[in-house]
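Student: Below is one structure. I have some questions about it.
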Amino acid sequence: MPASFTSFYFLCFYALLLLIYYLIPKKTQWVFLLFASVAFYLLTGEGVLILYPVAASLIAYGAVRRIAGTEDAKQRRLALGAALFLLIGALAALKYINFGIHTINAVASWCGAQEKILTGFHFLVPLGISFYTFSILGYIVDVYNGIARPQQNFFKTALYAMYFPAILSGPILRYREDGEQFFEPHPFDYRQVTFGLQRMVWGFFKTLVISERMNIVVNTVYDNYTAWPGSYIWIATVCYAFQLYTNFSGSMDIVLGMSQTFGIRLPENFETPFFSKNISEYWRRWHISLGVWMKEYVFYPLLRTKAFMDLGKGLRKKWGKKRGKQMTTFLAMFILWFTVGIWHGGDWKFVIGSGLLHWFYIVSGELLAPFYKKCMEKLAIDPKSKWLDGFRVLRTFFLVNIGFVFFRAASAADAWHMLASAVRVWNWGELFGGGIFALGLDVIESVIAAVSLLVLLVVSLLQQKGPVRERIEKKPVLVRFALWYALLFYIILLGHYGPDYSAAEFIYQGF
Amino acid sequence: MTRERVFETLNEVFRDVFDDESITVEEETTADDIEDWDSLEHINLIAAVEQEFGMKFSMGQVVSMKNVGEMADIIMSQIGD
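Taken in order, these protein sequences are the chains called A and B. Going by the numbering used here, the letters in the first sequence line up with residues 513 to 1023, in that order. Going by the numbering used here, the letters in the second sequence line up with residues 569 to 649, in that order.
Here you go:
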C-alpha cells in the first residue's frame, strides 16, 4: 500500500476501519486505533522502520514517568535532557548529517580541495519522523513545565505518537490539548461523521484536481528551467504556490476530516494563508502547528535564557529601549527562522526558502516601518484603505513566491539562476501567445485548472465569514445533495490519478 | 498587595511596554484586545511584569496563561499577601 491517503487501497482500508471502529465496544476504540496505526505504518513503508517511532514512544513514556515521579529538580532535568538528546539526536543523525557533510565538502572545494573530504551516509528515514518527534518533544517539555498531564500507559503514549492520520504530514500535535481525547469513548455521531467525510472530499478536490494539475506545469519548467525562461518561471512558481498549498492544506482536510469521523478533533494547520497582509501574519496562517510549536519550544525558551536576557539589557543600555529590544528579538528570530528552515530538510534551499529569507522580510519590514509611515503621510494615503490592503495581500503573496522558488528548485544555486532568468528575460508575449499551453496542460486542461482554482477562491472567501459546511447544511436537502455530488463527480471525472491511483503523494510527508 | 493594586501596576507596565497611554487592562483582557500584543511582545511584556513585581513566571505559565486575570492570579500567588 503506498503511503498516500488518496490511494484506492487506503480508502478501502479506511472504510473498513471506520465500520469496525463504531461496532466494537467504545472502551476499546483507542486500542483499535493503535492497531490500525501500527498496521498502517507497517504496510506503507519499510516495516522495520517502525522501531523508530516505537523507540521514541518508549523514550517519552520513560522520561515522563521519571519527570512526574520525582520532586528532585536535578533528576527531573536529567530525565528531560536525556529524552531531548535522544529524540533530537535521532532526528539530526537521520536527517542532517549529510547536510553537514555536503556543506563541509562545498566549503573545502571553494578553498581549492580537489576531492570530497567526507562521504555522505545512506539512511532509510522513517516516515513522519519530523512530525512525531515534534509532537513528542512538546509533550515531554509540557510535562516538565507542569502543564500537561503525564500519561502512565505506554500504549496510550504510542497511540499519541503514531496516530496514523497525522503521522505522515501532521498536524504537529499538542498532548495537553489534543492528547486525552484519543482515549475517550466516541459514540457514533451522524453529523460529525458526515462533516468529516465532506471535509475529506474537499481535501481530495484540492489534491487530486488542483494540485496534480499544477504539478505538471511546475515539473515541466522546474525540471528544465533553461528551456523555459522569464515569464514561464513566474507562471510555474505561482502554480507551485497553489500546488503546495492545495497539496498540504488538502492533505490536512483529509487528515482532520478523517479524524472527525473518528470523533477526534485535531488542530487546524491552515487559515487561508494567501490572504495574509504581511509575512508575520502569513506564518500565523500557514502550517500553524509548526509555527505554534516553534514559538513555544524554541523562540520563548531562547528569549528567556539568561544569556538573551543579559544581552537584551546590554543592548537597551547601549541603543536605547526600543532599538535594543528590537535587536535582541531580531537575533532570536534569526535562530528561530534557521530552525524553521532546517526542519524542512537539510539543504540550503530550505534554510533560505522557508527560513532566513522570511527572517529577512520580517526584519526589513520592521526597520522600514517608520519610513513607510512617513511616505504614506506625505502621499496622503489612508493606511486602513481597502485598496492598500489588497496591495498588501498581493505583495505578501509575491514575497512568499520568491521563497517558493528556493523551496522547489533542485538547489539554492538553481533557484538563484531561475530568479535571474525570471527578471532578465521578457517574454510575456510568447507566454500569452500560446506558450502557456505548451507546459503540459492543453487548452481544456487549463480551463479545468482555472475553474477549479476559482472554486477554491470562492470557497476560501466564503470561509472568511464562517464554516462553509454548516452553511451548506442549512440549505434544502436537494441543493445540499446536488452540491456534494457535483463535487464528488467533479473529482472522480477530473481528478488526476497516477498509474496505481496514488500519484498524489503528499509533498510534506518527505519532511 | 490587593488585586486592585496589582491591576493598577499592570496598567502602568502595559502602557509602558506597548507605548500606548490609552490601555486599561481587565480580568478578561487577552492578546487579541491589544493590537501590538503578539508573540514577540509577549516575552518583553513578561520580562517587564517580572521586573516590576520582583517575581518569575515559569515557562509553563508563560505559554498557557489565557488572559490578564490569570496573569494577576499568578502574580498574587507569588508575591504573597
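Yeah, the Cβ is synthetic: ideal placement off N, Cα and C, and Gly gets one too.
(1) So, with DSSP's three-state summary, where would you put GLY660 (chain A)?
(2) Which of the three DSSP states is assigned to PHE918 (chain A) in this structure?
(3) Under three-state DSSP, which class holds ALA616 (chain B)?
(4) Tell me whether GLY691 (chain A) is buried or exposed, calling it buried when 16 or more other Cβ atoms sit within 10 Å of its Cβ.
(5) ALA670 (chain A) to TYR794 (chain A), Cα distance in whole Å?
(6) Who are the near neighbours of VAL750 (chain A) in its chain, counting only those whose CB is closer than 7 Å to its CB and skipping five residues on each side?
(7) Kindly list the residues whose CB is nearer than 7 Å to the CB of PHE811 (chain A), restricted to its own chain and excluding five residues on each side of it in sequence; keep chain order.
(8) Our contact map puts GLY867 (chain A) next to GLY853 (chain A) with C-beta atoms below 8 Å; I'd like the distance itself, whole angstroms only.
(9) Report the neighbours of THR784 (chain A) on chain B: residues whose CB is nearer than 7 Å to its CB, in chain order.
(10) Do VAL905 (chain A) and LYS789 (chain A) have their C-beta atoms within less than 8 Å of each other?
(11) Identify every run of the alpha helix (DSSP H) within the region 760 to 842 of chain A, keeping only runs that are complete inside it and at least 4 residues long; order them along the chain.
(12) Would you kindly report the start and end of the unbroken alpha helix (DSSP H) that includes HIS634 (chain A)?
(13) Take the Cβ of GLY632 (chain A) as the centre, count every other Cβ of all protein chains shown within 10 Å, and call the residue buried at 16 or more, exposed below.
(14) Using DSSP with H/G/I as helix, E/B as strand and the rest coil, what is GLN629 (chain B)?
(15) So VAL574 (chain B) contacts chain A; which residues on that side make the cut at Cβ distance below 9 Å?
(16) Thinking VAL733 (chain A) and LEU951 (chain A) are a contact (beta carbons under 8 Å), I'd like their distance in whole angstroms, please.
(17) Closest by CA to ILE960 (chain A), which one among A:LEU768, A:TRP831, A:VAL721, A:GLU627?
(18) With contact counted as at least three CB pairs below 8 Å, one residue from each stretch, are the region 653 to 669 of chain A and the region 609 to 623 of chain A in contact?
(19) What did DSSP end up calling ARG571 (chain B) once you bin it into helix, strand or coil?
(20) Using 8 Å as the cut-off, can you tell me whether the region 568 to 583 of chain A makes contact with the region 643 to 651 of chain A, which would need three or more C-beta pairs spanning the two stretches below that distance?
(21) Is the Cβ-Cβ distance between PRO677 (chain A) and PRO779 (chain A) less than 8 Å?
(22) Name the chain A residues that come within less than 7 Å of ASN612 (chain B), Cβ to Cβ?
(23) Can you check whether the C-beta of GLY877 (chain A) is within less than 8 Å of a C-beta belonging to chain B?
(24) So, with DSSP's three-state summary, where would you put TRP714 (chain A)?
(25) I need the straight-line Cα distance from ASP901 (chain A) to VAL971 (chain A), nearest angstrom please.
(26) Mark ARG920 (chain A) as exposed unless 16 or more other C-beta atoms lie within 10 angstroms of its C-beta, in which case mark it buried.
(27) How big is the Cα-Cα spacing for PHE984 (chain A) and ASN657 (chain A)?
Tutor: In brief:
(1) Inspection of the sequence shows that residue 660 (chain A) is occupied by Ala rather than by Gly. Here ALA660 (chain A) sits in coil by DSSP.
(2) helix
(3) helix
(4) buried
(5) 33 Å
(6) ASN913
(7) ALA844, LEU848
(8) 2 Å
(9) Ordered by position in chain B, no residue passes the 7 Å Cβ test against THR784 (chain A), which lies about 18 Å from the chain.
(10) yes
(11) 791 to 797, 800 to 806, 812 to 815, 818 to 831
(12) Premise fails: HIS634 (chain A) is in no alpha helix (DSSP H) and is neither H nor E.
(13) exposed
(14) helix
(15) Near VAL574 (chain B) there are no residues of chain A at all, since even the closest Cβ is about 22 Å away, more than 9 Å.
(16) 7 Å
(17) A:VAL721
(18) no
(19) helix
(20) yes
(21) no
(22) LYS837
(23) no
(24) helix
(25) 20 Å
(26) buried
(27) Sequence inspection shows Ile at residue 984 (chain A); the Phe mentioned does not correspond to that position. Looking at the two C-alpha atoms, the distance is approximately 43 Å.
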